[in-house]
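Engineer: Can you keep this structure in mind? I'll have questions shortly.
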Amino acid sequence: MSRRRDLDLLRGEKVDMIIKPHPLSFINYHVFFVFLILSAFFLHRAYLLSERNISLLSALSFLNVIFDKIGMNLVDGVFLVSFWIVLIISGWMGKRLLRNGMLMVYTFSVAALGTIVEVYLYITQCEIGFIQRSFCKLVLLAGTAFACIVLVEVYRRRRLYILTNRRIIARWGLTLNEREITYRDISRVYVKQGMLGRIFNYGTVVLDSTFDFDLSGFPYKEIPSVLKIPYEEDVNKSLEEASFKSQRRERRLLLLGVPNPRRVRILIGNRLLEAKEHSL
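Position in the sequence shown (first residue = 1) + 8 = the numbering used here.
Right, dumping it as structure tokens:
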């Protein structure tokens, strides 16, 4: 409620709707991290099986030359390589399916940190309580994955969308991050729904807006960096080829996991019509 009370309304502005993301809106991330926890469990079981039947790894005995340098036996070495393979594949799949490159960074970081901890423990011959040295990386993987599940849920609960008769405000994060867009700046509204979204009636409302930069008043070296023109000769060429003196750019605001997104789109559409009528 505190995130709603500190809203400063404009003159004549009233709140139409306050929306929080659907409980299942971030289920894809929960599934990803639960998969990593299960992967840690199955890697643990595979290690115990290999340790009891070491003959299964006889074909990989040539790797002993590498593992002996850090005091690691064949089972532990193959287990470490398998750990890396599982995490790299998991991170790649998460990046492809969820379109979030940070998942690849996360899995690579966990693999690297787990390896550093394990190699250090083998070199120094240290023990960590009742946890076997080879299982430290699995504890790290399962622990961080569980922490990420909690953080994703906190992120969902801290996200808030406020629709007024003048603008749309999105708030998110542990600290207050806020972004807003007025109706007259919106150029397009549409809804994106996956299979679960259609079943449980939630989805993402996408708000596109366009704005112009007037280039006529800028010297070449003072053109705003948001235009992403890296070199002066490219600036000259772009200005010579342009038949107008403005550069149009697009911004996008996503209302993630909105319950009943089509109803929200209709409400926004009606406000868009009102904004256009008032501008005439």
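Yeah, the Cβ is synthetic: ideal placement off N, Cα and C, and Gly gets one too.
Quick one: what does DSSP say glutamate 135 is sitting in, helix, strand or coil?
Structural biologist: What you label residue 135 is simply residue 127 of the sequence shown in a count that begins at 1. DSSP, reduced to helix, strand and coil, places glutamate 135 outside both helices and strands of the structure shown, so it counts as coil.
Engineer: Based on the DSSP secondary-structure assignment, which residues constitute the bridge partners of asparagine 3?
Structural biologist: Any answer about residue 3 is impossible in this case: the structure gives the chain only from 9 up to 288.
Engineer: With a threshold of 16 other CB atoms inside 10 Å of the CB of threonine 152, please say whether the residue is buried or exposed.
Structural biologist: Walking along the sequence shown from the start, residue 152 turns up at place 144. Around the CB of threonine 152, 16 or more other CB atoms lie within 10 Å, so the residue is classed as buried.
Engineer: Looking only at its own chain, which residues have a Cβ that is under 8 Å from the Cβ of isoleucine 136, when we skip the five neighbours before and after it?
Structural biologist: Stepping through the sequence shown from its first residue, residue 136 is reached at position 128. Excluding positions up to five away in sequence, the list reads Leu129, Cys144.
Engineer: Skipping 5 residues on each side, what residues in its chain have a beta carbon closer than 8 Å to that of phenylalanine 87?
Structural biologist: Numbered from its first residue, the sequence shown carries residue 87 at position 79. Cβ within range, chain order: Leu51, Ala54, Tyr55, Ser58, Ser142.
Engineer: If you draw a straight line from the C-alpha of arginine 60 to the C-alpha of glutamate 161, how long is it?
Structural biologist: Residue numbering aside, residue 60 sits at position 52 when the sequence shown is read from its first letter. Residue numbering aside, residue 161 sits at position 153 when the sequence shown is read from its first letter. Arginine 60 and glutamate 161: Cα-Cα distance of roughly 40 Å.
Engineer: Identify which residue in Val272, Asn209, Met203, Phe154 has its Cα closest to the Cα of isoleucine 176.
Structural biologist: Looking up residue 176 in the sequence shown gives position 168. By alpha-carbon distance to isoleucine 176, the top candidate from Val272, Asn209, Met203, Phe154 is Val272.
Engineer: Ignore the nearest five residues each way along the sequence and tell me which others in isoleucine 26's own chain have a CB closer than 8 Å to its CB.
Structural biologist: On the sequence shown, position 18 is the one that residue 26 refers to. So the list reads Arg12, Leu168, Tyr169, Ile170, Leu171, once near-sequence residues are dropped.
Engineer: Closer than 8 Å: is that where the CB of alanine 48 sits relative to any heavy atom of the ligand GDP?
Structural biologist: Within the structure as shown, the ligand GDP is missing, as the structure has no ligands at all.
Engineer: For phenylalanine 49, count the other beta carbons within 10 Å of its own beta carbon; 16 or more makes it buried, fewer makes it exposed. Which is it?
Structural biologist: In the sequence shown, counting from the first residue as 1, residue 49 sits at position 41. Exposed.
Engineer: Measure the beta-carbon distance from tyrosine 191 to valine 266 and round it to whole angstroms, keeping in mind my assumption that it falls under 8 Å.
Structural biologist: In the sequence shown, the residue the question calls residue 191 occupies position 183. In the sequence shown, the residue the question calls residue 266 occupies position 258. Tyrosine 191 to valine 266, Cβ: 17 Å. No contact.
Engineer: What do you reckon, are the CB atoms on arginine 259 and isoleucine 189 nearer than 9 Å?
Structural biologist: Working through the sequence shown from its first residue, we reach residue 259 at position 251. Working through the sequence shown from its first residue, we reach residue 189 at position 181. Going by C-beta atoms, arginine 259 is nearer than 9 Å to isoleucine 189.
Engineer: Among all the DSSP beta bridges, which residues are the ones paired with valine 160?
Structural biologist: Position 152 of the sequence shown holds residue 160. Its beta-bridge partners do not exist; DSSP assigns none.
Engineer: Where do the N-terminal and C-terminal ends of the alpha helix (DSSP H) with lysine 284 fall, by residue?
Structural biologist: Locating residue 284 in the sequence shown gives position 276, counting from the first residue. It spans 269–287 - the alpha helix (DSSP H) in which lysine 284 sits, taken as one unbroken run.
Engineer: Asparagine 36 by DSSP, collapsed to three states: which one?
Structural biologist: Walking along the sequence shown from the start, residue 36 turns up at place 28. Residue state, collapsed to three classes: helix.
Engineer: Quick check: what's the CA-CA separation for valine 214 versus phenylalanine 138?
Structural biologist: Numbered from its first residue, the sequence shown carries residue 214 at position 206. Numbered from its first residue, the sequence shown carries residue 138 at position 130. When rounded, the distance between both Cα atoms is 51 Å.
Engineer: Strictly under 9 Å for the Cβ-Cβ distance: is alanine 155 near chain C by that measure?
Structural biologist: Here there is only one protein chain, and chain C is not present.
Engineer: Output the boundary residues of the alpha helix (DSSP H) element that contains arginine 206.
Structural biologist: Numbered from its first residue, the sequence shown carries residue 206 at position 198. Arginine 206 -> alpha helix (DSSP H) spans 203–208.
Engineer: Contact check, leucine 18 vs arginine 187 under 8 Å by CB: the rounded distance?
Structural biologist: One-based indexing of the sequence shown puts residue 18 at position 10. One-based indexing of the sequence shown puts residue 187 at position 179. Wrong, their Cβ atoms sit about 16 Å apart, outside the cutoff.
Engineer: Which residue or residues does DSSP assign as beta-bridge partners of leucine 263?
Structural biologist: Position 255 of the sequence shown, counting from 1, holds the residue named residue 263. Looking at the DSSP assignment, leucine 263 forms a beta bridge with Val213.
Engineer: Excluding the 5 residues preceding and the 5 following aspartate 24 in the sequence, name in chain order all residues of the same chain whose CB lies nearer than 8 Å to its CB.
Structural biologist: Counting from one through the sequence shown, the residue named residue 24 turns up at place 16. Cβ neighbours of aspartate 24 beyond the five flanking positions: Leu171, Thr172, Asn173, Leu275, Arg279.
Engineer: May I ask you to report which of helix, strand or coil DSSP gives lysine 145?
Structural biologist: Within the sequence shown, the letter at position 137 stands for residue 145. In this structure, DSSP gives lysine 145 a helical state, which the three-state scheme calls helix.
Engineer: What residue does the beta strand (DSSP E) around tyrosine 169 start on, and which one ends it?
Structural biologist: The sequence position of residue 169 within the sequence shown is 161, counting from 1. Tyrosine 169 -> beta strand (DSSP E) spans 168–172.
Engineer: Alpha carbon to alpha carbon, what distance is there between isoleucine 157 and histidine 38?
Structural biologist: In the sequence shown, the residue the question calls residue 38 occupies position 30. In the sequence shown, the residue the question calls residue 157 occupies position 149. In a straight line, the C-alpha of histidine 38 is about 6 Å away from that of isoleucine 157.
Engineer: What residues match up with arginine 19 in a beta bridge as DSSP calls it?
Structural biologist: The residue labelled residue 19 in the question sits at position 11 within the sequence shown. In DSSP, arginine 19 forms no bridge with anything.
Engineer: Taking DSSP as the reference, what is the three-state secondary structure of serine 47?
Structural biologist: Locating residue 47 in the sequence shown gives position 39, counting from the first residue. For serine 47, the secondary structure class from DSSP, reduced to helix, strand or coil, is helix.
Engineer: On the three-state DSSP scale, how would you describe threonine 190?
Structural biologist: Position 182 of the sequence shown, counted from the first residue, corresponds to residue 190. Strand at threonine 190.
Engineer: Smallest Cα separation from leucine 95: which of Pro29, Phe40, Leu204?
Structural biologist: Counting from 1 along the sequence shown, the entry for residue 95 is found at position 87. Here the closest residue by C-alpha is Phe40.
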